[in-house]
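Read the structure below first, then the notes.
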């Protein structure tokens, strides 16, 4: 069987692995193999670099080497900038292309490890993605990965997908929940660019969904904060350090100080005081900083993650986790575990660190196939292994008469609905005289959205047009429904409902408004 690379494309570092000989039915057992060069055991830097002086694009570990200067031409946190562009030395750089290039570098590097160690290569990837991504963003990330190629030109194929905190939780459950007892865990994933939560249960004896399929793992909910991660804590450290520097900063020294902020934050995880040095004005400047200073300055950021954790626990009172897993590089800051235990004293001793750099990739390798490719299940058994769910409300924009200029979102599929699913068929009427009716589909970008705050709480992800075949008057009836297939493809179907024999018009996702 061709191996499948589990890929955690991080905002700071990326990690790749594959698992051999695991049970395809339960996802248990097997041997995990890291696919990283010996010198990069904490991951390949997710960095893109370009400058006219170097005259080429540098990727991954090459983009953080001494020749990759000026430092401000190193692009990080790429996943935050889907659909955006930036300027480097007068050249327009597409973040989408940068994502493809860096992921291609990671996959080719992983294949070199596969070939050197096992005489195998693969173009198959199980991809993790941030829990805060909308359906459209997730689909766009898949597209960008599938633009990558191997050294021989073979196209990369995304074989499976899974939300990052769910992958980490499932990795833990597959390895440590080896009893017959139902077990629930909550993943607190504070990464380089995002904060994600995942509430996941394992059912060793299996449960059946409404279609009669048995599943053993349930992704109950994922949520988080899209632009809160290690980068924001680095910004706090940068402001603290720059406030202590008594000389003017230019673009080069500012970039150097930002790098110092990242490394100093990490060093303060194991020490209570650091004295980073900034080279400026032909001299080295000592900048003493204590862990206490940093923790006090960044506590508001940390409390935002704790409040989000409180919300997900409050929303699921009947599915309380036995363990809270801390993963992601920034979760290793000592104040994270301490403040989590202060906020949730009932979990004291049960808030544990779990594979900060590896859990997501391992979980993707085991379970990514189950979300997008249920066809790998055991023949003759109605099993889906993992029960994925819709994470954000999905609906159509309707209007209440001509005076309603903004409209409202009518919910077709609610957050938490098991996938696959089909909505009810909902009737509506033509807003004005005409031959065509347009149905615009929106996905919420926050939990519990206000259906009248469309610009704030929703993003348009697709649309379909119904041709009535003639001009119809205002008030003419039509209807629509939605379905989400096993592989996660969202479709809207709409038609003129004046005759039951008329066919449905259909559309799948049109990617737009990605940033």
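Numbering (this note's numbering), first residue to last: 11 to 525. Yeah, the Cβ is synthetic: ideal placement off N, Cα and C, and Gly gets one too.
Opposing strand residues paired with residue i [DSSP bridges]
i           : result
residue 475 : 448
residue 239 : The partner list for residue 239 (beta bridge, DSSP) is empty, contrary to what the question assumes.
residue 198 : 207 and 336
residue 218 : 224
residue 59  : 68 and 84
residue 17  : 26 and 137
residue 494 : 431 and 500
residue 234 : 206
residue 488 : 438 and 506
residue 44  : 27
Separation of residue j from residue i, as counted between CA atoms
i           : j           : result
residue 402 : residue 181 : 24 Å
residue 254 : residue 248 : 10 Å
residue 457 : residue 234 : 10 Å
residue 192 : residue 329 : 10 Å
residue 13  : residue 52  : 22 Å
residue 95  : residue 107 : 10 Å
residue 148 : residue 224 : 26 Å
residue 40  : residue 374 : 14 Å
residue 324 : residue 357 : 14 Å
residue 404 : residue 144 : 10 Å
residue 163 : residue 47  : 22 Å
residue 115 : residue 159 : 9 Å
residue 210 : residue 37  : 15 Å
residue 30  : residue 372 : 12 Å
residue 272 : residue 278 : 10 Å
residue 246 : residue 516 : 48 Å
residue 540 : residue 498 : Because the chain is modelled from 11 through 525, residue 540 falls outside the range shown and cannot be assessed.
residue 451 : residue 295 : 56 Å
residue 327 : residue 135 : 36 Å
residue 447 : residue 222 : 37 Å
residue 293 : residue 231 : 52 Å
residue 146 : residue 258 : 44 Å
residue 302 : residue 260 : 28 Å
residue 156 : residue 105 : 15 Å
residue 317 : residue 421 : 27 Å
residue 190 : residue 219 : 19 Å
residue 383 : residue 304 : With a pLDDT of 47 at residue 383, under the threshold of 50, the modelled position of this residue cannot be trusted, and the question is left open.
residue 314 : residue 216 : 35 Å
Cβ-based neighbour list, residue i, same chain, cut-off 7 Å, excluding 5 preceding and 5 following
i           : result
residue 264 : none
residue 71  : 50, 54 and 55
residue 300 : 282 and 283
residue 487 : 437, 439, 507 and 508
residue 44  : 27
residue 308 : 243 and 246
Own chain, CB closer than 6 Å to residue i, minus 5 neighbours either side, in chain order
i           : result
residue 369 : 178, 181 and 337
residue 484 : 440, 442 and 443
residue 363 : 336
residue 112 : 56, 58 and 69
residue 212 : 183, 187, 193 and 227
residue 17  : 26, 135 and 137
residue 514 : 503 and 505
Same chain only: Cβ atoms within 8 Å of residue i, ignoring 5 sequence neighbours per side
i           : result
residue 237 : 90, 203 and 204
residue 125 : 131
residue 23  : 52, 53, 54, 55, 56, 202, 339 and 367
residue 332 : 193, 194, 195 and 360
residue 21  : 56, 86, 87, 88, 89, 90, 201, 202, 203, 204, 239, 240 and 241
residue 510 : none
residue 98  : 60, 61, 83 and 85
residue 464 : 407, 416, 417, 418, 419 and 452
residue 269 : 81
Nearest-angstrom Cβ-Cβ length linking residue i and residue j, presumed shorter than 8 Å
i           : j           : result
residue 453 : residue 490 : Contact doesn't hold; Cβ gap of about 15 Å is too wide.
residue 461 : residue 419 : 4 Å
residue 58  : residue 85  : 4 Å
residue 15  : residue 120 : 5 Å
residue 244 : residue 275 : 6 Å
residue 102 : residue 154 : 17 Å between Cβ atoms; not a contact.
residue 183 : residue 195 : 6 Å
residue 251 : residue 285 : Wrong, their Cβ atoms sit about 11 Å apart, outside the cutoff.
residue 449 : residue 502 : 6 Å
residue 472 : residue 518 : 7 Å
residue 494 : residue 423 : 7 Å
Chain D within 9 Å of residue i, Cβ atoms only
i           : result
residue 395 : Absent here is chain D; the protein component of the structure consists of one chain.
Any non-hydrogen atom of the ligand MN within 8 Å of residue i CB
i           : result
residue 394 : For the structure depicted, the ligand MN is absent and the ligand set is empty, with no information on it obtainable.
**OP:** Could you tell me which uninterrupted beta strand (DSSP E) segments, each at least 3 residues in length, are contained entirely in the region 64-103, listed from first to last along the chain?
**Re:** Fully enclosed beta strand (DSSP E) runs of 3 or longer: 66-69 and 95-98.
**OP:** Can you check the region 325-356 for any alpha helix (DSSP H) of at least 4 residues that lies completely inside it and give the ranges in chain order?
**Re:** Listed in chain order, they are 344-353.
**OP:** Return the chain-ordered ranges of every beta strand (DSSP E) run that is complete within the region 280-310 and spans a minimum of 3 residues.
**Re:** 287-290 and 293-296, all fully within the region 280-310.
**OP:** Note down, one range per segment and in chain order, each beta strand (DSSP E) of at least 3 residues found wholly within the region 414-470.
**Re:** Taking 3 residues as the minimum length, the beta strand (DSSP E) runs contained wholly in the region 414-470 are 418-423, 436-439 and 444-454, in order along the chain.
**OP:** Note down, one range per segment and in chain order, each beta strand (DSSP E) of at least 3 residues found wholly within the region 136-194.
**Re:** Complete beta strand (DSSP E) runs here, min 3: 167-173.
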